[in-house]
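Read top to bottom, the protein sequences are chains A and B.
So the first sequence is residues 0 to 297, counted in numbering that gives the first Met the number 0.
So the second sequence is residues 0 to 297, counted in numbering that gives the first Met the number 0.
Protein chains: 2
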Amino acid sequence: MIGLTMKHLRYFEALSRYGHFGRAAEACGISQPALSLQIKELEDLLGAPLIERSARQVRMSGLGEELAVRARQILSSVDELGDLARASSGTLTGRLRIGVIPTIAPYMLPTLVKELGARNPELDIRLRETVTQTLIRNLGEGRLDFAVVALPVSETALHEEPLFDEEFMLVRSLKDADKPVPNADGLREMRLLLLEEGHCFRDQALSFCSPTTLAPRDLMEGSSLSTLVQMVGAGIGVTLIPEMSVATETRSAEVSVVRLPAPRPKRTVGMVWRKSSPLAPQLNGIAHMIRGLSRKAA
Amino acid sequence: MIGLTMKHLRYFEALSRYGHFGRAAEACGISQPALSLQIKELEDLLGAPLIERSARQVRMSGLGEELAVRARQILSSVDELGDLARASSGTLTGRLRIGVIPTIAPYMLPTLVKELGARNPELDIRLRETVTQTLIRNLGEGRLDFAVVALPVSETALHEEPLFDEEFMLVRSLKDADKPVPNADGLREMRLLLLEEGHCFRDQALSFCSPTTLAPRDLMEGSSLSTLVQMVGAGIGVTLIPEMSVATETRSAEVSVVRLPAPRPKRTVGMVWRKSSPLAPQLNGIAHMIRGLSRKAA
DNA sequence: TAAAAATACTCCATAGGTATTTTAT
DNA sequence: ATAAAATACCTATGGAGTATTTTTA
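Take a look at the structure:
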């Protein structure tokens, strides 16, 4: 493919993403005709139509779809070259894009960002908080440098670096504080407050209460651990929260927190990054640092 | 990595390959200063030195080595985009680069090329005959579209498509034609003629005669099956050759060819190609065609 | 008729050429 | 002294802009 340029790929990728010449051109910071021309040139180069032009909508041809996928891979590899160069300087510099799931972010980010910033003053830290599924996709697309999630994620292209295990704690109303601590069977009889669909912590908590597909008798949903704890405080039910969130979430709530009996539910918190990431040595360093921090906190 | 172009990668890849600005420039079809400029620009872009300039020799820095590897991968992915487009036309067109090992090439290529050419008049067939190891490397580098070798090759990036199994035949002097057919143990007592190092067929034949590391008592080497058979004809020893070569190689030689007793040595002949190859459907078609040809020949 | 893509043209940034200088052996 | 890379300078290709036309829902 002599004659093919990065611009061809960049512009075509944008077109496939937006499905609109004008929008794609804007995203690329060029004019619509400029993009049109480059796309046409790309089609000439490949000798086959990439989009079905019906003047009102942009539809990818089969070849176009396939090319878009490959173009994304190539562009992501190219972007990694920049990381490679920055990583070679040894120290962590430039931009670092971190993704964290919502049930970890509020409790870990403050110390993590503070430490990272202190040790690498040059570092431009960008954060993204969303569910595991989205983080994994973003990693694959090269839009994140690493993510902190509950392991395993089981993606062959990603490296998993365990950080620490942590138990789930039972949160219940103060007036239940004297009652015996329930086991998994007991929990199933209570009104259990859970995060909404999409959060892995919801699934982990559920799988503890009902290893089978049997759902707990009564179940309510909230969108953050904070909300759940507040609801418990209001006497609406009980919930499970990870150990690291206890200090923050129960500070302003009138609730009782107890450790559950064995088999104690737990999750493994870890970092994940692309196996191809040139930042691997630095990321391992960060993992080491986090382990140090969590040991100090414990 | 905004601003990075294919040219940067192409030129740098050439420089890393030739280790010489002038030679690399020539290979790229540009002048030496033009290449110098592009390399310098690439270094500025990445913000780090890629080569150690000591005026008399070009040495890659650590970063340079790593970049060269990644550049090769990217360029090879880019080259595949061209195949993708050609493949989308359904029929096999353009250039098809085939690699075949020496113990298959002379017996299979004539019919293969004839059939392929007949069915795809537009096809520009390029051939390369060399040992498996080199073919595999060439495949990985994107310099071949597929190869015909003895399976398995066990490369995770490559797809293996078995074509047929074939036995090894014993070739001995005409004056031994009446003697009983030796087994593996018997073979070890004879003077065995083998291909020189590097040919997988040599290893396959050896492993039959001496499953342990025990080498046969007496061993001589030749550089082609043809030579080996001629040597046998001259009464120098015995040798093993694959079934497909029997017709060709024994036509002009005064030798006796017999099938060996069980466990009969055999090899699996198959095609291999990059799992990412867009030509996969067409290559499967070729595999199908070859199976048909070999059935007819049998 | 209105929104979106394709054409027409103009301009300038830059890739690449030739000629030359610098550098290290 | 010489081979090889860097520098200087010039040219021309083509990428991108604005203005406009074509297309079809």
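Don't be surprised by glycine CBs; every beta carbon is placed ideally from N, CA and C.
Backbone CA spacing between residue 108/B and residue 87/B [nearest angstrom]: Position 109 of the second sequence holds residue 108/B. Position 88 of the second sequence holds residue 87/B. Distance between the alpha carbons of residue 108/B and residue 87/B is about 26 Å.
Option nearest residue 154/A by Cα separation, candidates 144/A, 136/A, 142/A, 193/A: By one-based count along the first sequence, residue 154/A stands at place 155. Out of 144/A, 136/A, 142/A, 193/A, 136/A has the C-alpha closest to the C-alpha of residue 154/A.
Chain A contacts made by the stretch 56–71 of chain B, where a contact means CB separation under 9 Å: 60, 61, 62, 65, 66, 69, 70
Residue from 294/B, 290/B, 284/B, 293/B with nearest C-alpha to residue 118/B: Mapped onto the second sequence, residue 118/B falls at position 119. If we check each option's Cα against that of residue 118/B, 284/B comes out closest.
Span of the alpha helix (DSSP H), counted from its first residue to its last, around residue 158/A: The sequence position of residue 158/A within the first sequence is 159, counting from 1. Looking at the DSSP string, residue 158/A is not in any alpha helix (DSSP H); the run it does join, the beta strand (DSSP E), is 157–172.
Cβ-based burial, residue 42/B [other Cβ within 10 Å; buried from 16]: Taking the first residue of the second sequence as position 1, residue 42/B is located at position 43. Under this definition residue 42/B is a buried residue.
Start-end ranges of the alpha helix (DSSP H) lying completely within the stretch 177–264 of chain B, minimum 4 residues: DSSP runs (the alpha helix (DSSP H)) wholly in the stretch 177–264 of chain B: 183–187, 199–208, 224–232, 245–248.
Contact belief for residue 268/B with residue 248/B at Cβ below 8 Å, rounded distance in angstroms: Locating residue 268/B in the second sequence gives position 269, where the first residue counts as 1. Locating residue 248/B in the second sequence gives position 249, where the first residue counts as 1. About 17 Å; that fails the 8 Å criterion.
Proximal residues of chain B, C-beta to C-beta of residue 149/A below 9 Å: As a position in the first sequence, residue 149/A is number 150, starting the count at 1. Residues of chain B passing the Cβ test: none, with the nearest at roughly 28 Å.
Helix, strand or coil at residue 126/A according to DSSP, with G and I counted as helix: Residue numbering aside, residue 126/A sits at position 127 when the first sequence is read from its first letter. In this structure, residue 126/A counts as strand in the three-state DSSP scheme.
Nearest residue (CA-CA) to residue 282/A, options 34/A, 30/A, 97/A: Within the first sequence, residue 282/A is the residue found at index 283, counting from 1. Closest by alpha carbon: 97/A.
Contacts that residue 76/A makes with chain B (C-beta to C-beta distance below 8 Å): Taking the first residue of the first sequence as position 1, residue 76/A is located at position 77. The answer, in chain order, is 69, 72, 73, 76.
Cβ-Cβ distance between residue 148/A and residue 100/A below 8 Å: Counting from 1 along the first sequence, the entry for residue 148/A is found at position 149. Counting from 1 along the first sequence, the entry for residue 100/A is found at position 101. Yes, the Cβ-Cβ distance between residue 148/A and residue 100/A is below 8 Å.
Under 7 Å by beta carbon: chain B residues contacting residue 84/A: As a first step, residue 84/A is located in the first sequence; it is residue number 85 there, counting from the start. Neighbours of residue 84/A in chain B, taken as residues at a C-beta separation under 7 Å, are given in chain order as 45, 46, 47, 62.
Residue from 207/A, 245/A, 199/A with nearest C-alpha to residue 260/A: Looking up residue 260/A in the first sequence gives position 261. Nearest of 207/A, 245/A, 199/A to residue 260/A, Cα basis: 207/A.
The stretch 30–48 of chain B contacting the stretch 78–87 of chain A, beta-carbon criterion three pairs below 8 Å: yes
Residue burial classification, residue 36/A (beta-carbon count within 10 angstroms, cutoff 16): As a first step, residue 36/A must be located in the first sequence, where it is residue number 37. Under this definition residue 36/A is an exposed residue.
Cβ contact check for the stretch 186–199 of chain A and the stretch 13–28 of chain B: 3 or more pairs under 8 Å: no
Among 73/B, 272/B, 243/B, nearest to residue 293/B - alpha-carbon criterion: Numbered from its first residue, the second sequence carries residue 293/B at position 294. If we check each option's Cα against that of residue 293/B, 243/B comes out closest.
For residue 59/B, the residue or residues it bridges with in DSSP: Position 60 of the second sequence, counting from 1, holds the residue named residue 59/B. DSSP, once it has assigned bridges, lists 50/B as partnering residue 59/B.
Residue 284/B at chain A interface by Cβ criterion, 8 Å: For the purposes of this step, residue 284/B is taken as the residue at position 285 of the second sequence. Residue 284/B does not count as touching chain A.
Chain B residues whose Cβ lies nearer than 7 Å to that of residue 0/A: Position 1 of the first sequence, counting from 1, holds the residue named residue 0/A. The contacting residues are 77, 78, 80, 81.
Range of the contiguous beta strand (DSSP E) that encloses residue 116/A: Here the question's residue 116/A lines up with position 117 in the first sequence. Here residue 116/A belongs to no beta strand (DSSP E); instead the alpha helix (DSSP H) covers 104–118.
Residue-level contact to chain B via CB, residue 3/A, 8 Å cutoff: For the purposes of this step, residue 3/A is taken as the residue at position 4 of the first sequence. At least one chain B Cβ lies under 8 Å of residue 3/A.
Other residues of its chain near residue 93/A: CB distance less than 7 Å, five sequence neighbours each side excluded: Start at 1 with the first residue of the first sequence, and residue 93/A comes out as number 94. Cβ within range, chain order: 85, 123.
Residues bridged to residue 301/A (per DSSP): Since the first residue shown for chain A is 0 and the last is 297, residue 301/A is missing from the structure and cannot be characterised.
Enclosing alpha helix (DSSP H) for residue 95/A [first to last residue]: On the first sequence, position 96 is the one that residue 95/A refers to. Not the alpha helix (DSSP H): residue 95/A falls in the beta strand (DSSP E), residues 94–99.
Any non-hydrogen atom of the ligand ADP within 7 Å of residue 90/B CB: Absence of the ligand ADP is noted for the structure shown, with no ligands found whatsoever.
The stretch 163–179 of chain A / the stretch 229–241 of chain A touching (three or more Cβ pairs under 8 Å): yes
For residue 266/A, three-class secondary structure by DSSP: Reading the first sequence from its first residue, position 267 is the one you call residue 266/A. Residue 266/A: strand per DSSP, three-state reduction.
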